[in-house]
Amino acid sequence: MSNSTRYTGLIDKYRDHLPVHDDTRIISLGEGNTPLIRLSNVPRMIGKDVDIYVKYEGLNPTGSFKDRGMTMAVTKAVEDGSKAIICASTGNTSAAAAAYAARAGITAFVLIPEGKIAMGKLAQTMMYGAVILQIRGNFDVGMQLVKEVAEEAPVTIVNSINPYRLQGQKTAAFEIVEELGAAPDYHCLPVGNAGNITAHWMGYTESNKDGVSNNVPKMVGYQAAGAAPFMRGAMVDNPETIATAIRIGHPQSWDKAWNVQKESGGWFDELQDSEILEAQKLLAQSEGIFCEPASAASLGGAIRDVRNGKIPEGSKIVCTLTGNGLKDPDTAIAQCKNAAMSTIDATLSDVKRSILENMT
Ligand code: AN7
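This is the structure in structure tokens:
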């Protein structure tokens, strides 16, 4: 043991709570340990006495919460002798898989829906050197193909059906309990495959059993209205939403997530794309925090449920911001057409005039 306090990733930190051995070679990029930021302006703007924290998972090494699961999944794949991993992805899983495979020196195969993943995620996946298979089909179709091909080819699936993924992702709940000294009253997340909401619930219940916290939160999952199987009560065959990360109609953790909802006393709800984008912009412009569209569903939903009283005043709420806003520059720029940006002559007088015109 060294005396170094250098942070070396979530497996090292939580190894007693994770399925690793003392001699396991850990594949890490320093993931986890993300900021839990208390919102200072949003509660005032909605005129309610609530404490809202955002867990900024966009500050993970590849810019999303997927890194928490991927460090575990790739560590175990390598330990088991695997030379290749595979996933279907709406973008973030592919970026994380590609990065951790590069780190481990193995091959990543990723199936992504052609034209439907955000630019930053595609750039990352290319740059990390994954083998990219763009399919003429959506995530759900890709997921089915991955399951079938993994039966016949020597590749390890690193989608969240790989149980090590959820093990890694549960550590976000550990961090929150550590920082708040307790679980929050409500934990709100965007839901696609519903792996992350399941993983958080695992983390909270384990903390509670271990006596680290005395309480567990109500888990609240928000979906995009065009991709909301939990609201329909059935799989959705042609999911559509601007929040491409959660453009998923056949959630892989369907049964698990219904159990989470029931056990925790939480609920599911849905947001229109316009509400998702509005929440994304509100968070950026009133708090200085830039998340990707899918992530904003957690805050947008929480704000609505605080306003309508479903989440009562006096509550402590954590919203997970699953991915970084830089992942999807196209959607950001497209919705900021009225941004205060102008092109002027490169003269002192023009700069001065612009400043005076825009002072508030
Ligand atoms: C930013 O990358 O499924 O409910 O293939 O990227 O655990 O699926 C992404 C999911 C939320 C939903 N927010 O989490 C993929 C993928 C962001 C995401 C979700 C995703 P789950």
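So for the sequence shown, the numbering used here puts the first residue at 101; every next one is plus one.
All residues carry an ideal CB built from backbone N, CA and C; glycine is no exception.
Just so it is clear, the structure is predicted and the values come from calculations on it, not from any experiment.
Is the beta carbon of residue 104 within less than 7 Å of some heavy atom of the ligand AN7?
-> Residue numbering aside, residue 104 sits at position 4 when the sequence shown is read from its first letter. No, the beta carbon of residue 104 sits no closer than 7 Å to any heavy atom of the ligand AN7.
Start and end of the beta strand (DSSP E) containing residue 321?
-> Along the sequence shown, read from residue 1 onward, the residue named residue 321 stands at position 221. Run containing residue 321: 318-324, per the beta strand (DSSP E) assignment.
Cβ-based burial, residue 107 [other Cβ within 10 Å; buried from 16] | Here residue 107 corresponds to residue number 7 of the sequence shown, with the count starting at 1. It is exposed - the Cβ of residue 107 has fewer than 16 other Cβ atoms within 10 Å.
Confirm the yes/no value for this check: CB of residue 290, any heavy atom of the ligand AN7, distance under 7 Å.
-> As a working note, residue 290 is residue 190 in the sequence shown. Yes, Cβ of residue 290 sits closer than 7 Å to a heavy atom of the ligand AN7.
May I ask you to report which of helix, strand or coil DSSP gives residue 362?
-> Translated into the one-based positions of the sequence shown, residue 362 becomes position 262. Residue 362: helix per DSSP, three-state reduction.
Spatial neighbours of residue 289 in its chain, beta-carbon cut-off 8 Å, leaving aside the 5 residues before and after = As a first step, residue 289 must be located in the sequence shown, where it is residue number 189. 296, 297, 300, 319, 320, 321, 322, 398, 419, 420, 422, listed in sequence order.
Cβ neighbour criterion (16 or more within 10 Å) applied to residue 315 = On the sequence shown, position 215 is the one that residue 315 refers to. Classification of residue 315: exposed, given that the 10 Å Cβ count is below 16.
Going by the beta-carbon positions, is the gap between residue 170 and residue 196 smaller than 8 Å?
-> In the sequence shown, the residue the question calls residue 170 occupies position 70. In the sequence shown, the residue the question calls residue 196 occupies position 96. Yes; because the gap between Cβ atoms is below 8 Å, this pair is in contact.
Which word fits residue 389, buried or exposed, when buried means at least 16 other C-beta atoms lie within 10 angstroms of its C-beta?
-> For the purposes of this step, residue 389 is taken as residue 289 along the sequence shown, with counting starting at 1. Answer is buried; the Cβ neighbour count reaches 16.
Opening and closing residue of the alpha helix (DSSP H) in which residue 384 lies = The count along the sequence shown starts at 1 and reaches residue 384 at position 284. In the DSSP annotation of this structure, the continuous segment of the alpha helix (DSSP H) that includes residue 384 starts and ends at 373-387.
Measuring from the CB of residue 364, is there a heavy atom of the ligand AN7 at a distance below 7 Å?
-> Numbered from its first residue, the sequence shown carries residue 364 at position 264. Checking the Cβ of residue 364 against the ligand AN7 gives no.
Do residue 184 and residue 254 have their C-beta atoms within less than 8 Å of each other?
-> Within the sequence shown, numbered from 1, the residue matching residue 184 stands at position 84. Within the sequence shown, numbered from 1, the residue matching residue 254 stands at position 154. Their beta carbons are under 8 Å apart, which means residue 184 touches residue 254 by this criterion.
May I ask you to report which of helix, strand or coil DSSP gives residue 184?
-> As a working note, residue 184 is residue 84 in the sequence shown. Note: residue 184 maps to strand in three-state DSSP.
Have a look at 110, 134, 148 and flag the residue whose alpha-carbon is nearest the alpha-carbon of residue 412.
-> Here residue 412 refers to the residue found at position 312 of the sequence shown. Closest by alpha carbon: 148.
Taking 8 Å as the threshold, find out whether the region 266-285 comes into contact with the region 157-175 through three or more Cβ pairs.
-> Look at the beta carbons and you see the region 266-285 touching the region 157-175: at least three pairs across the two are nearer than 8 Å.
Taking 7 Å as the cut-off, does the CB of residue 239 come closer than this to any heavy atom belonging to the ligand AN7?
-> Stepping through the sequence shown from its first residue, residue 239 is reached at position 139. Yes, since a heavy atom of the ligand AN7 falls inside the 7 Å radius drawn around the Cβ of residue 239.
Verify whether the separation of the beta carbon atoms of residue 130 and residue 158 is less than 8 Å.
-> As a first step, residue 130 must be located in the sequence shown, where it is residue number 30. As a first step, residue 158 must be located in the sequence shown, where it is residue number 58. No; because the gap between Cβ atoms is not below 8 Å, this pair is not in contact.
May I ask you to check if the CB of residue 230 is nearer than 7 Å to at least one heavy atom of the ligand AN7?
-> As a first step, residue 230 is located in the sequence shown; it is residue number 130 there, counting from the start. Incorrect: residue 230 has no Cβ contact closer than 7 Å to the ligand AN7.
Assign residue 343 to one of three DSSP states: helix, strand, or coil.
-> As a position in the sequence shown, residue 343 is number 243, starting the count at 1. DSSP places residue 343 in the coil class of the three-state scheme, outside both helix and strand.
Alpha carbon of residue 372 to alpha carbon of residue 192, nearest angstrom = As a position in the sequence shown, residue 372 is number 272, starting the count at 1. As a position in the sequence shown, residue 192 is number 92, starting the count at 1. Going by the C-alpha atoms only, they are around 22 Å apart.
Excluding the 5 residues preceding and the 5 following residue 457 in the sequence, name in chain order all residues of the same chain whose CB lies nearer than 7 Å to its CB.
-> Here residue 457 refers to the residue found at position 357 when the sequence shown is read from its first residue. Once the five neighbours on either side are set aside, residue 457 has no close Cβ partner at all.
Have a look at residue 112 and residue 207 and give me their C-alpha separation to the nearest angstrom.
-> Mapped onto the sequence shown, residue 112 falls at position 12. Mapped onto the sequence shown, residue 207 falls at position 107. Spanning the two alpha carbons is a distance of roughly 24 Å.
Would you check if the distance between the CB atom of residue 317 and the CB atom of residue 337 is smaller than 8 Å?
-> Translated into the one-based positions of the sequence shown, residue 317 becomes position 217. Translated into the one-based positions of the sequence shown, residue 337 becomes position 237. Contact flag unset, no.
Have a look at 228, 240, 424, 309 and flag the residue whose alpha-carbon is nearest the alpha-carbon of residue 329.
-> As a working note, residue 329 is residue 229 in the sequence shown. Residue 240 is the option with its Cα nearest to residue 329.
Taking all protein chains shown into account, do 16 or more other C-beta atoms lie within 10 angstroms of the C-beta of residue 334, making it buried, or fewer, making it exposed?
-> Taking the sequence shown and counting its residues from 1, one reaches residue 334 at position 234. Per the 10 Å Cβ criterion, exposed.
Residue 193 CB to nearest heavy atom of the ligand AN7 below 7 Å = Stepping through the sequence shown from its first residue, residue 193 is reached at position 93. Flag set: Cβ of residue 193 near the ligand AN7.
Taking 8 Å as the cut-off, decide whether the C-beta atoms of residue 392 and residue 325 are in contact.
-> By one-based count along the sequence shown, residue 392 stands at place 292. By one-based count along the sequence shown, residue 325 stands at place 225. Taking 8 Å as the Cβ cut-off, residue 392 and residue 325 do not qualify as a contacting pair.
Can residue 348 be considered in contact with the ligand AN7, in the sense that its beta carbon sits closer than 7 Å to one or more heavy atoms?
-> On the sequence shown, residue 348 is found 248 positions in, with the first residue counted as 1. Yes.
Residue 203 (DSSP reduced to helix, strand or coil) = In the sequence shown, counting from the first residue as 1, residue 203 sits at position 103. Note: residue 203 maps to helix in three-state DSSP.
C-beta atoms of residue 402 and residue 353 nearer than 8 Å | By one-based count along the sequence shown, residue 402 stands at place 302. By one-based count along the sequence shown, residue 353 stands at place 253. Not closer than 8 Å, so no.
Identify, in the order they occur along the chain, each residue of the same chain with its Cβ nearer than 7 Å to the Cβ of residue 101, setting aside the five sequence neighbours on each side.
-> Here residue 101 corresponds to residue number 1 of the sequence shown, with the count starting at 1. Reliability fails at residue 101, whose pLDDT of 49 lies under 50, so the model's placement of it is uncertain and no value is given.
Alpha carbon to alpha carbon, what distance is there between residue 155 and residue 132?
-> Along the sequence shown, read from residue 1 onward, the residue named residue 132 stands at position 32. Along the sequence shown, read from residue 1 onward, the residue named residue 155 stands at position 55. Going by the C-alpha atoms only, they are around 11 Å apart.
Own chain, CB closer than 7 Å to residue 381, minus 5 neighbours either side, in chain order | In the sequence shown, residue 381 corresponds to position 281, counting from 1. Result list for residue 381: 435, in chain order.
Backbone CA spacing between residue 217 and residue 190 [nearest angstrom] | Here residue 217 refers to the residue found at position 117 of the sequence shown. Here residue 190 refers to the residue found at position 90 of the sequence shown. Between residue 217 and residue 190, the C-alpha separation is close to 6 Å.
Beta carbon of residue 384 nearer than 8 Å to that of residue 349 | To locate residue 384, count along the sequence shown from 1; it is residue 284. To locate residue 349, count along the sequence shown from 1; it is residue 249. Not a contact, by the Cβ cut-off of 8 Å.
What's the C-alpha gap between residue 224 and residue 231?
-> Taking the first residue of the sequence shown as 1, we reach residue 224 at position 124. Taking the first residue of the sequence shown as 1, we reach residue 231 at position 131. Using only the alpha carbons, I get a separation of about 12 Å.
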